[in-house]
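**Student:** This is the structure I want to talk about, given as structure tokens.
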Amino acid sequence: MRIVLLGPPGAGKGTQAEILCDKFNIPHISTGNMLRDAIKAKTDLGNQAKELMDRGVLVPDKVIVKVVVDRLKEDDCQKGFLFDGFPRTIPQAKALDKVSVPIDIVVEIDVPDEVIIERMAGRRVHLNSGRNYHIKFNPPAIDNLDDVTGELLVQREDDKPGTVKERLEIYRSQTLPLIDFYVEKSQKKEVNYIRLDGTFLPEEVSERILKEIN
Ligand code: AMP
């Protein structure tokens, strides 16, 4: 099973990705997580990506395509995978076609901008583990502290309100065209395209996705 999750930042792709990967026993390929790992490890890729990510703009297609193509060569991807945050532009999607990586299912999670802004403004993260919280929807036991280590939580630089607006604009201009790209492919029966309302509770969204996939 080869799945692409499409949707704006803050649509809940990460949460749905975990549920689906568990269910289908496939690896979760999140380019955002891979880049954050590279930043932590201070690799060349990380150093190159950090400033762009902090501003909320995209890493160049050529760079990200190489990261993904290398990742797909690993053994665990042979039985399928789930892309979360990739492809994010038409050239990235075309690059997959070029290296003959077909996609079975594209799941679009649709969430209006106001909901996204509220979700992202309240998001907090424990930097070392990547554990995510939300001050309203998923608060830690003690305000602003990680439940496991008791260390301080922070707001990701790219979750700050100005950057979120920039990311939404970039989503609209660069990633939204992918919807037409994949809908067209679904009309030619090259992929299955599923569109869902992402404003429901995460468990309800995943239930709907699984029902559609089955
Ligand atoms: P995410 O965690 O998926 O929201 O990604 C965080 C940031 O990583 C984005 O705002 C981009 O700067 C960068 N990024 C992640 N995936 C991609 C991609 N497929 N193409 C370009 N930049 C990406």
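Residues in the sequence shown are numbered consecutively from 708, following my numbering. From the three backbone atoms N, C-alpha and C, an ideal C-beta is built for every residue, glycine too. All values derive from a computational prediction rather than experimental measurement.
Note down, in chain order, each residue of its chain lying with its Cβ closer than 8 Å to the Cβ of C728, except the 5 sequence neighbours on either side.
**Tutor:** Contacts found: P734, H735, L789.
**Student:** Considering only the alpha carbon of each residue, which of D866, G837, G869, D865 lies closest to D854?
**Tutor:** For D854, the nearest C-alpha among the options comes from G837.
**Student:** Please determine if the region 763 to 775 and the region 813 to 825 are in contact, where contact requires at least 3 C-beta pairs separated by less than 8 Å.
**Tutor:** Touching, no, given that fewer than three Cβ pairs across the two stretches are closer than 8 Å.
**Student:** How is I733 classed by DSSP in three states: helix, strand or coil?
**Tutor:** Of the three classes helix, strand and coil, the one that applies to I733 here is coil, per DSSP.
**Student:** What does DSSP give as the partner residue(s) for E873 in the beta ladder?
**Tutor:** Paired residues: none, contrary to the question.
**Student:** Just the C-alpha distance for P716 and L834, rounded to the nearest angstrom, thanks.
**Tutor:** Approximately 19 Å, taken between the alpha carbons.
**Student:** Considering only the alpha carbon of each residue, which of A724, R831, I824, R915 lies closest to P868?
**Tutor:** Of A724, R831, I824, R915, the residue nearest in Cα terms is I824.
**Student:** How would you label R874, buried or exposed, when you count the other beta carbons within 10 angstroms and need 16 or more for buried?
**Tutor:** R874 should be labelled buried.
**Student:** Could you tell me if the beta carbon of R981 falls within a distance shorter than 7 Å of some heavy atom in the ligand AMP?
**Tutor:** Absent from the structure is residue 981, since the part of the chain shown begins at 708 and ends at 921.
**Student:** Does the separation of the CB atoms of L903 and A800 fall below 8 Å?
**Tutor:** In this structure, A800 does not lie closer than 8 Å to L903 by Cβ.
**Student:** Can you look up N851 in the DSSP assignment and give me helix, strand or coil?
**Tutor:** Residue state, collapsed to three classes: coil.
**Student:** Could you tell me whether the Cβ atoms of H913 and I726 are closer together than 8 Å?
**Tutor:** Rather than His, the amino acid found at residue 913 in this sequence is Ser. Against a cut-off of 8 Å, the Cβ pair of I726 and S913 comes out as a contact.
**Student:** Applying the 10 Å Cβ sphere with the 16-neighbour rule, what's the burial state of L752?
**Tutor:** Buried, since its Cβ has 16 or more Cβ neighbours within 10 Å.
**Student:** Which value, in whole angstroms, describes the spacing of the CA atoms of S807 and V776?
**Tutor:** Cα to Cα, the separation comes out at about 11 Å.
**Student:** Give a single yes or no on whether D865 has its beta carbon closer than 7 Å to a heavy atom of the ligand AMP.
**Tutor:** Result yes, Cβ under 7 Å from the ligand AMP.
**Student:** Under the DSSP definition of a beta bridge, which residues are partnered with F788?
**Tutor:** Looking at the DSSP assignment, F788 forms a beta bridge with R709.
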